[in-house]
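Peer 1:
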Amino acid sequence: MSTLVVVGAQWGDEGKGKVVDALASRADLVARFAGGNNAGHTLVVGSKKIVTHLVPSGCAYPGTLCVLGAGMVIDPEVFRQEITALQKSGMLLGSELRVSLDAHVIFPFHRWLDGLREDQHGATKIGTTRRGIGPAYEAKAARRGIRVRDLLIPERLRARLELNAGPVNAEFERCGGEDRLDVDAELARATGWVVWLRPLLCDAGSLVDEAIRGGKRVLIEGAQGALLDLDHGTYPFVTSSTTLAGGACSGLGIGPTAIDGVWGITKAYATRVGAGPFPTRLDGPLGDALRRAGDEFGATTGRPRDCGWLDLPALRYAARRNGLTGLCVTKLDVLAKMPEVSICRSYADGVTPGTDELELALPILERVSGWGDPILAQRIAEARRLEDLPAPARAYLDIISEETGVPIALVSVGPGRDQTIFLSEAF
Ligand code: GDP
Ligand code: IMO
Ligand code: MG
Numbered sequence: 003m004s005t006l007v008v009v010g011a012q013w014g015d016e017g018k019g020k021v022v023d024a025l026a027s028r029a030d031l032v033a034r035f036a037g038g039n040n041a042g043h044t045l046v047v048g049s050k051k052i053v054t055h056l057v058p059s060g061c062a063y064p065g066t067l068c069v070l071g072a073g074m075v076i077d078p079e080v081f082r083q084e085i086t087a088l089q090k091s092g093m094l095l096g097s098e099l100r101v102s103l104d105a106h107v108i109f110p111f112h113r114w115l116d117g118l119r120e121d122q123h124g125a126t127k128i129g130t131t132r133r134g135i136g137p138a139y140e141a142k143a144a145r146r147g148i149r150v151r152d153l154l155i156p157e158r159l160r161a162r163l164e165l166n167a168g169p170v171n172a173e174f175e176r177c178g179g180e181d182r183l184d185v186d187a188e189l190a191r192a193t194g195w196v197v198w199l200r201p202l203l204c205d206a207g208s209l210v211d212e213a214i215r216g217g218k219r220v221l222i223e224g225a226q227g228a229l230l231d232l233d234h235g236t237y238p239f240v241t242s243s244t245t246l247a248g249g250a251c252s253g254l255g256i257g258p259t260a261i262d263g264v265w266g267i268t269k270a271y272a273t274r275v276g277a278g279p280f281p282t283r284l285d286g287p288l289g290d291a292l293r294r295a296g297d298e299f300g301a302t303t304g305r306p307r308d309c310g311w312l313d314l315p316a317l318r319y320a321a322r323r324n325g326l327t328g329l330c331v332t333k334l335d336v337l338a339k340m341p342e343v344s345i346c347r348s349y350a351d352g353v354t355p356g357t358d359e360l361e362l363a364l365p366i367l368e369r370v371s372g373w374g375d376p377i378l379a380q381r382i383a384e385a386r387r388l389e390d391l392p393a394p395a396r397a398y399l400d401i402i403s404e405e406t407g408v409p410i411a412l413v414s415v416g417p418g419r420d421q422t423i424f425l426s427e428a429f
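So the sequence shown is residues 3 to 429, counted in the working numbering.
Now the structure itself:
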């Protein structure tokens, strides 16, 4: 394989940062194709914990090219802070970063709108990250979005900002928001961005295409997860972009024939943050115990994540919609800390994911034997080969693989780079 796409196969936070970092040691180029700083991807490198939001998670390897694709929405203020923080940690000190001229820009007014709408929504609240993601993608679809390339030409930027000022300020007024889009102030702000952003800009589609044609190893990093996909997720409780592997093609500007493999990441259990259906959610002490064991608090917003048992119907759905060729199972060590473990193979009443009925789906839970022994967690965390894993853990992986029809490609047994069992070659 020379081009591998890695995507979240649940509701986000599956461990994409950890897996991409573990795989990136062998990659020449790592590219993000969608989303923005709603993402929070955690890498643990030695004693350092790093959270990337916009920068691809290959950033911990000097010389590995990190590309932000056209399908992304980029908040330059957040991007600047992230680069500075990574550089302080000794990363991105060369010319490893490239940004698509066609990516869209998140301005402060997108963030304000996101927050204002969330505050107004009441019972139908999505629980967004309030980072301006929805408003920026909405402007893009309405063809009044502002691309990175528009920042370079002040007259064009002024015209684009003026196009936005009407509808945006009308919404602020209507909703009682105090903020306003001030075209001159935004132009001045953008002038400052261009100074440091310009050297990073490129035709990212051509860059990635040339890397693939040149036989380079290209790792493509998804954001969010399959059930948050705009078209195929639990709409309207989704993000505003394509999170599925298919989006890698449009988001970077490469054809489907360039992709050699697609790996989906799933936790050994399930989590969700924000509103929307989550059939296996555990309310009460077991859910709290899982949150504590897995330290399930958002890497971007710090919000507590809802936790539940592994939802195989949802994972099967994610496997199909992504065309998965491999599964990466993370946090097996966390599952082992639980006093008991259950799994969901199906829902009652034949409900299937991808329908509005998912909100009402009743998971049929099955207790999985062999778990609940405290020694398991330590044995799992120390395992470095499949054979090292205790029998209940291997049996659990077999269930996942059989139920989804996808082979296990990688198992993660801790947050560290070395706490990884490779079962397939990524490249
Ligand atoms: P992402 O958004 O998919 O990159 O995932 P996040 O970084 O938001 O959340 C995953 C969390 O789980 C992070 O804190 C990781 O350090 C941690 N993590 C990843 N894999 C494992 C694992 O196998 N075991 C444990 N204990 N933690 C893990
Ligand atoms: P990573 O890449 C988990 C969720 C939000 C909300 C919905 C819409 O770290 O896995 P948005 O701000 O995108 O408009 O919010 O999507 N969400 C995520 N949940 N992980 C993420 O990213 C997420 N990005 C967005 O909580 O429910
Ligand atoms: Mg995350």
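All residues carry an ideal CB built from backbone N, CA and C; glycine is no exception.
Identify which residue in 190, 290 and 391 has its Cα closest to the Cα of residue 424.
Peer 2: 391
Peer 1: Are the Cβ atoms of residue 226 and residue 245 separated by less than 7 Å?
Peer 2: yes
Peer 1: Which first and last residues belong to the beta strand (DSSP E) in which residue 251 is found?
Peer 2: In this chain, residue 251 is not harboured by any beta strand (DSSP E); it is covered by the alpha helix (DSSP H) spanning 248-254.
Peer 1: For residue 332, tell me which candidate among 298, 342, 394 and 414 has the shortest Cα-Cα distance.
Peer 2: 414
Peer 1: Could you tell me the alpha carbon to alpha carbon distance between residue 248 and residue 128, rounded to whole angstroms?
Peer 2: 24 Å
Peer 1: Can you list, in chain order, the residues of its chain whose CB lies under 6 Å from that of residue 373, leaving out five sequence neighbours each side?
Peer 2: 343 and 394
Peer 1: What residues does the ligand MG have around it, judged by CB closer than 5 Å to any heavy atom, in chain order?
Peer 2: 15, 42 and 301
Peer 1: Measuring CA to CA, which of 334, 267 and 211 is closest to residue 317?
Peer 2: 267
Peer 1: Spell out the partners DSSP gives residue 331 in its beta bridges.
Peer 2: 268 and 413, per the DSSP bridge assignment.
Peer 1: DSSP on residue 127, reduced to helix/strand/coil?
Peer 2: coil
Peer 1: Can you tell me whether residue 32 sits near the ligand GDP, meaning its C-beta is under 6 Å from at least one heavy atom of the ligand?
Peer 2: No.
Peer 1: Assuming residue 250 and residue 30 are in contact, meaning their beta carbons sit under 8 Å apart, how far apart are those beta carbons, in whole angstroms?
Peer 2: The pair is not a contact, with the Cβ atoms about 17 Å apart (cut-off 8 Å).
Peer 1: What did DSSP end up calling residue 342 once you bin it into helix, strand or coil?
Peer 2: coil
Peer 1: Between residue 320 and residue 229, which are expected to be in contact by the criterion C-beta below 8 Å, what is the C-beta distance as a whole number of angstroms?
Peer 2: Residue 320 to residue 229, Cβ: 7 Å. Contact.
Peer 1: Do you know how far the Cα of residue 32 is from the Cα of residue 102?
Peer 2: 13 Å
Peer 1: Is residue 241 helix, strand or coil by DSSP?
Peer 2: Three-state DSSP puts residue 241 in coil, outside helix and strand.
Peer 1: DSSP state of residue 337, grouped into three classes?
Peer 2: helix
Peer 1: How about residue 5 and residue 411: are their beta carbons less than 7 Å apart?
Peer 2: Not closer than 7 Å, so no.
Peer 1: What's the gap between the Cα of residue 299 and the Cα of residue 282?
Peer 2: 18 Å
Peer 1: Report, in whole angstroms, the separation of the C-beta atoms of residue 21 and residue 330, which I expect to be a contact under 8 Å.
Peer 2: 5 Å
Peer 1: How long is the line joining the alpha carbons of residue 420 and residue 10, rounded to whole angstroms?
Peer 2: 21 Å
Peer 1: Nearest by alpha-carbon distance to residue 378: which of 108, 336 and 403 is it?
Peer 2: Nearest option by C-alpha distance: 336.
Peer 1: Can you give me the C-alpha to C-alpha distance between residue 359 and residue 235, rounded to a whole angstrom?
Peer 2: Between residue 359 and residue 235, the C-alpha separation is close to 13 Å.
Peer 1: Do residue 2 and residue 25 have their C-beta atoms closer together than 7 Å?
Peer 2: Lying before the first or after the last residue shown, residue 2 is absent from the chain, which here runs from 3 to 429.
Peer 1: Could you give the first and the last residue of the continuous beta strand (DSSP E) run that contains residue 354?
Peer 2: Premise fails: residue 354 is in no beta strand (DSSP E) and is neither H nor E.
Peer 1: Once the 5 residues before and after residue 422 are set aside, which same chain residues still bring their CB inside 7 Å of it?
Peer 2: Closer than 7 Å at the Cβ level, and outside the excluded window around residue 422, lie 24, 412 and 414.
Peer 1: By the three-class DSSP mapping on this structure, what secondary structure does residue 33 have?
Peer 2: strand
Peer 1: If we ignore side chains and look at the alpha-carbon of each, how far apart do residue 66 and residue 134 end up?
Peer 2: 29 Å
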